[in-house]
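Visitor:
In UniProt numbering, the protein residues as written are 1 to 97.
(1) Taking 8 Å as the CB-CB cut-off, is residue 55 touching chain B?
(2) Among residues of its own chain, excluding the 5 on either side of residue 68, which ones have a beta-carbon nearer than 8 Å to its beta-carbon?
(3) Using the C-alpha atoms, what's the distance from residue 71 back to residue 85?
(4) May I have the straight-line CA-CA distance separating residue 58 from residue 83, to the nearest angstrom?
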């Protein structure tokens, strides 16, 4: 049973990233539209096929498209340069120890 869910998850991820990267290369843009279209196609094809209905396909595609667009659009604001720099932790012990 877990393998069935795993295959579904892998198929959604594969279709999503394939469509998103295809659109990014064709449109020469990196924005939320690529992810939204990728989400719709992934949801509509994979989950619509499993549900065997057009209504399920459109609902699943819309849900994944909206989720992807919101995450992509919201995630763009974290890429603004705030001047902060983050350094990795060092393994050196401080002299206070």
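For every residue, glycine included, the Cβ atom is placed at its ideal position computed from N, Cα and C.
Guide: Let me spell this out:
(1) In the structure shown, chain B does not exist; there is a single protein chain.
(2) 16, 32, 35, 36, 38 and 39
(3) 24 Å
(4) 43 Å
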